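Residues 364 to 1487, numbered by my numbering, are exactly what the sequence shown covers, in order.
Have a look at the structure below before the remarks.
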Amino acid sequence: MASSSSSWFSSLRSYSKCLYNSLKLNLRSSASHTFTRSSLNVPPPPTINDFHFRYRNSSPFSLWWSSSLLPLALAFSAGSLSLTSDSNPSFCDSRGVTLGGKGSSTDYVVKGSHKEVPEELIAELKAICQDNVTMDYDERYTHGKPQHSFHKAVNIPDVVVFPSCEEEVSKIVMLCDKHKVPIVPYGGATSIEGHTLSPNGGVCIDMSLMKKVKALHVEDMDVVVEPGIGWMELNEYLEPYGLFFPLDPGPGASIGGMCATRCSGSLAVRYGTMRDNVINLKVVVLANGDVVKTASRARKSAAGYDLTRLLIGSEGTLGVITEVTLRLQKIPQHSVVATLVAMCNFPSIKDAADVAIATMHSGIQVSRVELMDEVQIKAINLANGKNLPETPTLMFEFIGTEAYALEQAKIVQKIASKHNGSDFVFTEDPKAKKELWKIRKEALWACFAMVPSYEAMITDVCVPLSHLAELISESKKELAASSLICTVVAHAGDGNFHTLILFDPEKEEQRQEAERLNHLMVNAALAREGTCTGEHGVGTGKMKYLEKELGVEALRTMKRIKAALDPNNIMNPGKLIPPHILPSRCSFNARPPLPPAINAFNRNTSSFSSWWSSSLLPLALAFSAGSLSLASDSNSSLCDARGVSLGGKDSTDYVVKGLYKKVPEELIHELKAICQDNMTMDYDERYSHGKPQHSFHKAINIPDVVVSPSSEEEVSKIVNLCDKHKVPIVPYGGGTSVEGHTLSPNGGVCIDMSLMKKVKALHVEDMDVVVEPGIGWMELNEYLEPYGLFFPLDPGPGATIGGMCATRCSGSLAVRYGTMRDNVISLKVVLANGDVVKTASRARKSAAGYDLTRLLIGSEGTLGVITEVTLRLQKLPQHSVVAMCNFPTIKDAAGVAIATMHSGIQVSRVELLDEVQIKAINIANGKNLPETPTLLFEFIGTEAYAREQTQIVQKIASKHNGSDFVFAEDPKAKKELWKIRKEALWACFAMVPNSEAMATDVCVPLSHLAELISESKKVLAASSLTCTVIAHAGDGNFHTVILFDPEKEDQRQEAERLNHLMVNAALAMEGTCTGEHGVGTGKMKYLEKELGVEALRTMKRIKAALDPNNIMNPGKLIPPHICF
364 MASSSSSWFS SLRSYSKCLY NSLKLNLRSS ASHTFTRSSL NVPPPPTIND FHFRYRNSSP
424 FSLWWSSSLL PLALAFSAGS LSLTSDSNPS FCDSRGVTLG GKGSSTDYVV KGSHKEVPEE
484 LIAELKAICQ DNVTMDYDER YTHGKPQHSF HKAVNIPDVV VFPSCEEEVS KIVMLCDKHK
544 VPIVPYGGAT SIEGHTLSPN GGVCIDMSLM KKVKALHVED MDVVVEPGIG WMELNEYLEP
604 YGLFFPLDPG PGASIGGMCA TRCSGSLAVR YGTMRDNVIN LKVVVLANGD VVKTASRARK
664 SAAGYDLTRL LIGSEGTLGV ITEVTLRLQK IPQHSVVATL VAMCNFPSIK DAADVAIATM
724 HSGIQVSRVE LMDEVQIKAI NLANGKNLPE TPTLMFEFIG TEAYALEQAK IVQKIASKHN
784 GSDFVFTEDP KAKKELWKIR KEALWACFAM VPSYEAMITD VCVPLSHLAE LISESKKELA
844 ASSLICTVVA HAGDGNFHTL ILFDPEKEEQ RQEAERLNHL MVNAALAREG TCTGEHGVGT
904 GKMKYLEKEL GVEALRTMKR IKAALDPNNI MNPGKLIPPH ILPSRCSFNA RPPLPPAINA
964 FNRNTSSFSS WWSSSLLPLA LAFSAGSLSL ASDSNSSLCD ARGVSLGGKD STDYVVKGLY
1024 KKVPEELIHE LKAICQDNMT MDYDERYSHG KPQHSFHKAI NIPDVVVSPS SEEEVSKIVN
1084 LCDKHKVPIV PYGGGTSVEG HTLSPNGGVC IDMSLMKKVK ALHVEDMDVV VEPGIGWMEL
1144 NEYLEPYGLF FPLDPGPGAT IGGMCATRCS GSLAVRYGTM RDNVISLKVV LANGDVVKTA
1204 SRARKSAAGY DLTRLLIGSE GTLGVITEVT LRLQKLPQHS VVAMCNFPTI KDAAGVAIAT
1264 MHSGIQVSRV ELLDEVQIKA INIANGKNLP ETPTLLFEFI GTEAYAREQT QIVQKIASKH
1324 NGSDFVFAED PKAKKELWKI RKEALWACFA MVPNSEAMAT DVCVPLSHLA ELISESKKVL
1384 AASSLTCTVI AHAGDGNFHT VILFDPEKED QRQEAERLNH LMVNAALAME GTCTGEHGVG
1444 TGKMKYLEKE LGVEALRTMK RIKAALDPNN IMNPGKLIPP HICF
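Spelled out as structure tokens, the structure:
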């Protein structure tokens, strides 16, 4: 076999050498010469079957294949090695898109390399869409020249199709991929950054016929819609049910387009952006037409890579959205809460911005903080015949109970008066509120009314809050000095502001002046750790700023993902990722040396390039990700590239077996040189890192080496070396995870992050902090307390920030503050090749590129090692109340939790404990609590509002048979009450001292919670094991602590059986197998049932693209039998 392998390797190497030499000779000849593989006199390559069946055990070849062919295949398929020569080579992608070629960087016309759409494809499209296909010029022009976009394209689409269902979209995408014809998804056409331009012609997919509301779940406050429905249309539909979707971009925006651009609006300061309000998507991703379901319908989930957030903001470059599940909110008038709108004038723009900042620092949850400058107010007066004072103006909206809304308004009025505010007016009358808010909503149209024949360049920068006043003030000076009319409109509560720069489109000097002003403001924002786009997205207009904002490493990472999911680069090509970016460092010798020569060759060799991407890329990805297994001594259907298996044929086996490979001595010496004394091979140390104390799951092997790096640079060197030697890495945080995340079934190197625990920067005014990953959340909160701030997530004691990011954890406060994905602003991560990637700016919101932050949060160390985290902080509450109430049944208690969430108040905690758990607490702590199902609540706000919330919930509880409702405001009494919940797990172990625990972690839509807990309780009661129930009931997440004797295998299997029953019950209710604990090895077997094989294949492709040698925590998260 060895000799055969060597022969095959030599054959392929000879083939590659022959190809390269022929290329080199021909590239020196005339660029007009037509090249094909046959004209290059290159022999056919060895067949894939020849390799797979004869040389499947040849690891030297497979390593060469993944390390050498994968980057080049990715480069060709993504278009980083360009196929055109008639444009500026440093700025061209595979379809010849250029941003102005050799001209000025301010050129707004996007040029493309047009290729005629084959007649065969047109006929096939007509067969699918019937009359919903058009080649009418006016229709194509409308779709190719968006009215409101500053950016234009030379070409327009060749065909416009109007699919009416998901199946049609899938067929269209597959056909376009087959013919290598570009696709441009089209929504409401309100985007302004050139997202829907068709510079290469191709097929425009207009989603306007797909606008159905597919399902409304009133009790769960969510809705399932098709992408073509508009947000205003949706809210009209929802109003009779007392619900609304809270994002409010420009009129005409569709839900699909809002997802694609990661938009927001004026209410984002309270409800977040699109990424915070989408529960899941269905997307036709990949050119093969796979329909991917990205997540369950549970409110929170830690099941796999966050494909939802990756696709939100991907601007149609990864797939076409066909279905969206949205989070909804109660309309204030339909609940116990009300709204109040206020307006105030200021002598200067700085005064107004300072009040916005001070309002956010006050700790109240304002719903809108909108700023308009004096020029904008003048435009409104002219357009609407009003007589408003033409000074900088702030508008606010407050939501709460009637008393609290008024209390908030008075707090802000006092803040405004300290910053020279005047004419502070507010109203609760619905008609008057509508009139006040109309001032802001019609700002853009008022500008156009002022100069009807003009167009607008609209900036969209966003900065950390402390820089807002300075940035707006500086920008105003530049705008005042310009000859153009410019107005300022800001979502001031989150640091996002727009300048509307009006210009005459017939005068090129005015257009260039508009671009110059935009350029100045973007660079000023980037210099302040901000973003070039807060909510409008990248499109073609913002691409040139991304490298400065994020760094080339982040863009290379995006390019790899794009190449993995869209190997033929048909999905909205030329958008979002700057086209000069290569997917890897590409420092291999076989690369043709000069970009112009590459273009000369590639211009006429599309057949060769498509052969390359279609044949080499999938196999290279499959090998690198381990879908084609290299281990023959384990169950082949359940092994990955390192032979990890989950117990062979026994799906309930909790022991993770691995294919062990000795760590080379050379690597040990290299690691020692980096880490010095912070490296150990001591058995006890390795055992403690490889056999986590609290995990139900175990591994046969332990790490060979444990290293404790002290800096990001050391982590990068360690990862790079391990990749070079093909040795697996397991990142290690606090060791508190329970799903086997830190097992080392293949041995390898354990990277313990405990020495990296510094607070690197605290920005009190911005309410954020930059930390290293080894710091614990409790330790961090001790540091923050003197500054009046805290980090709101509270998992188990000992959890580190890095580990919390890796598992996408949450805790009891998630019902108010969200999970880890909602509380991280940005990361720095070391990828397998040693690249240090900065995932985002420090701005509170951003639409700049793929959401790498959210992709990496919850990736469990399988994509990279986190080295730095920037966290959102909260003000310590002014006042809090902790309450407790008992119930006769678990169903009554769950019913109150649900009713509380439906009431519209923002409760901070809703925790449920069953009677067995209360009994354990009584035994452990010598208490005498009633042993009945119990709810614990926490309410925060001003003193009056916290008490008001308590009274509302007390009334709800009394309607559901609640009794003994007690509450505490005294710090000591609150601590005693909350101690009941915090010590629940340890109380269980005290009740059964020598036991271990299997902790379930299911999460379901809220309406199913009572039913699921009730059914689970019946199953638990029938078991011989002691089981308790603890639930974060406010978001549908509940844990069962199943205690068993680790010495008795029958008890361990019974624990696994109970867990299996509850997980499957949750999945049957559209829930998730893991709400906050993550997947690890323990939950992998449920992911295919929860998400479908298409989603898992997509994850596998991403894993292969970012970790081609599969060294990053192999055998975790993605079920190892998944192929693509």
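C-beta: ideal position from N, C-alpha, C; glycine also.
Values in this document were obtained by computation on a predicted structure and should not be read as measured data.
Straight through space, the alpha carbons of M1247 and A766 are spaced by roughly 24 Å. The continuous beta strand (DSSP E) containing S1189 extends over residues V1187 to V1193. For N708, the enclosing beta strand (DSSP E) starts and ends at A701 to N708.
Closest option to V1069, judged by alpha-carbon separation, among H1060, E1048 and D1086: E1048. With 16 or more other Cβ atoms from the protein chains shown falling within 10 Å of its own Cβ, G856 counts as buried. Spatial neighbours of A1169 in its own chain (CB-CB distance under 6 Å, excluding positions within 5 residues in sequence) are listed in chain order as E1223 and G1224. I1405 has M1361 and C1390 as its beta-bridge partners, per DSSP.
Taking 8 Å as the cut-off, the Cβ atoms of R638 and G676 count as close. Inter-segment contact for the stretch 1108-1118 and the stretch 1059-1075 is present: three or more beta-carbon pairs are separated by less than 8 Å. Out of A1384, E1148, A1362 and G937, the CA that lies nearest to the CA of L560 is found in G937. A direct Cα-Cα distance of roughly 15 Å separates N1041 from K1120.
In the three-state scheme derived from DSSP, where H, G and I count as helix and E and B as strand, Y549 is classed as strand. With 16 or more other Cβ atoms from the protein chains shown falling within 10 Å of its own Cβ, V901 counts as buried. Within the same chain, Cβ atoms closer than 6 Å to the Cβ of K741 are found at E753, the five residues on either side in sequence being excluded. V788 counts as exposed, since fewer than 16 other C-beta atoms from the protein chains shown sit within 10 angstroms of its C-beta. At least 8 Å separates the beta-carbon of I940 from that of A1468.
Taken atom to atom, the span from the alpha-carbon of Q771 to that of P695 is near 15 Å.
Straight across, the Cα-Cα distance linking T722 with F761 is about 12 Å. The beta carbons of V718 and A631 sit no closer together than 8 Å.
Nearest Cα to K1238 within the set I1229, E1294, S1326 and V1127: V1127.
The secondary-structure analysis by DSSP pairs T1233 across a beta bridge with V1133 and S1189.
In this structure, V566 is the residue among S1204, S554, V566 and M537 with its C-alpha nearest to the C-alpha of V496.
Non-local C-beta neighbours of N1249 in its own chain, meaning closer than 6 Å and more than five positions away in sequence, comprise P1293, T1295, T1297, S1326 and D1327, ordered along the chain.
Under a 10 Å Cβ-count criterion, L1143 is classified as buried, with 16 or more other Cβ atoms of the shown protein chains found around its own Cβ. F811 sits in a helix when the DSSP states are folded into three classes. Annotation for F1154: no alpha helix (DSSP H) segment contains it, and DSSP assigns it neither H nor E.
By DSSP's assignment, E760 forms a beta bridge with V704 and R731. In this structure, DSSP gives G593 an extended state, which the three-state scheme calls strand. For E1457, same chain residues with a beta-carbon under 7 Å away, outside a window of 5 residues either side, are D653, V654 and V655 in chain order. Of the other Cβ atoms in all chains shown, 16 or more fall within 10 Å of the Cβ of E1278; this residue is therefore buried. If the five residues before and after V729 are omitted, its C-beta is found closer than 8 Å to the C-beta atoms of V632, R633, T722, M723, F759, E760, F761, Q771, V775 and G856, all from its own chain and listed in chain order. Between H1104 and G1443, the C-beta gap is smaller than 8 Å, which places the two residues in contact. Here D1115 is bridged, per DSSP, to Y1095. For F1352, the enclosing alpha helix (DSSP H) covers residues A1347 to M1354. The alpha-carbon separation between N750 and A1394 amounts to approximately 55 Å. Annotated three-state conformation of I642 is strand, per DSSP.
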